[in-house]
Amino acid sequence: MDGIFWICYPKNLYLPKQFNASSQFIEWLLELLWNRNEKCCKSCPIKCWRHYLKNTKTASFLPNGDARPINVDNWRDRLPMLPDGYLRERLPTLPDGNFKLNLEWCFPEHDA
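Count along the sequence shown from 1, add 99, and you get the number used in this note's numbering.
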């Protein structure tokens, strides 16, 4: 993911959820996006993507073969209120489908 986010800054990210193995990847990716360490390249003149990602929201989950999305709210906003291991327990219970994440980026202003 580091390599992808170094070269592009997508507004939306679609994650296919199939089987339990992809649940582990989705959990890992959400934790990476929500809990990014911005001390990684603090002393470098060129910053990595972690410094420019302003916010990540779970927009929707659309099950395969169903036109109605499942309401996943915005799990990040609710995480402090959710019990430990919520994602680990909840993700495998969802049917196969696609998560849509909204990514908000912010970039420093440069004088011309």
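By construction, the Cβ of each residue, glycine as well, lies at the ideal position given by its N, Cα and C atoms.
Put simply, the backbone Cα of residue 195 is about 10 Å away from that of residue 121.
It is roughly 24 Å from the alpha-carbon of residue 126 to the alpha-carbon of residue 140.
Counting along the chain, the unbroken alpha helix (DSSP H) around residue 105 starts and ends at 101 to 106.
For the pair residue 202 and residue 155, the CB atoms are nearer than the 7 Å cut-off. In the structure shown, residue 128 falls within a helical segment according to DSSP collapsed to helix, strand and coil.
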